[in-house]
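Going by the UniProt record's numbering, the letters in the sequence shown line up with residues 1 to 159, in that order.
Positions of the beta carbon are idealized from the N, C-alpha and C atoms, including for glycine.
Bear in mind that the values here come from a model prediction, so they are computed numbers and not experimental data.
Here the structure is laid out as structure tokens; the discussion comes afterwards.
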Amino acid sequence: MAVKYFHGFEFFGFRSLRLPADSASRSGFAFSRDGFRRGIILLFAALAGLSIGLTGALAHSRMVKSEPAARAVLATAPAEVKLWFNESIEPAFAKVWLIGADGTQTPLQTHGEASDPRLVVVALPAGLPDGAVNIGYHVLSVDGHVVESQLTFTIQKPA
1 MAVKYFHGFE FFGFRSLRLP ADSASRSGFA FSRDGFRRGI ILLFAALAGL SIGLTGALAH
61 SRMVKSEPAA RAVLATAPAE VKLWFNESIE PAFAKVWLIG ADGTQTPLQT HGEASDPRLV
121 VVALPAGLPD GAVNIGYHVL SVDGHVVESQ LTFTIQKPA
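In structure tokens form, the structure reads like this:
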């Protein structure tokens, strides 16, 4: 009596076992050597693609430097504040405001610098009183991420 075999299928390198046609009890999968190698390569390619995507998602814009520096103590009020970010900023969408002691927000004029697309320059009003100066900002980086935070420095005339 001749045993008939059916031909299995292959899916991403996983090859079904060739079983006798009359045997329903024995079933399973076997790995072909080439298929296993392709599966490992596919797995590493997927992991590499995910890790590249995650680093981009985690790398949002942030302020890296300011003049005056955060928590600086100044003898006189500056005429302007400069904010540098780690990515290029859309100056048309930059919003900066002065936060008063009572929490009121006064919008300030901003402009970008053609020589440095990561810089936002903010004009301050004349006659700022002594004490803490709180400046809030909301900027849009060119990659579409919004950065919103505050900068505080102090004006204190020497005694």
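Check                                                                                       : Outcome
Whether A70 touches T154 by CB criterion (8 Å)                                              : no
C-beta contact flag for V120 and A94 at 8 Å                                                 : yes
Element boundaries [beta strand (DSSP E), containing R118]                                  : 116-123
Under the three-state DSSP convention, the category P107 falls into                         : strand
Burial state of F85, where buried means 16 or more other Cβ atoms lie within 10 Å           : buried
Residue of P129, Q150, G144 minimising C-alpha distance to L74                              : P129
Beta-bridge pairing of K95 - partner residues as DSSP gives them                            : H138
L83 and W97 closer than 8 Å at C-beta                                                       : no
Top-ranked residue by Cα proximity to S141, from V122, A126, Q156, G112                     : G112
Option nearest A123 by Cα separation, candidates E67, S115, I40                             : E67
Endpoints, the beta strand (DSSP E) within which L83 is located                             : 80-85
Cα-Cα separation, P91 to V64                                                                : 17 Å
Cutoff 7 Å; reference V146; Cβ partners in own chain excluding five residues on either side : H138, L140
Cβ shell of T76 (< 8 Å), same chain only, five flanking positions each side left out        : I155, K157
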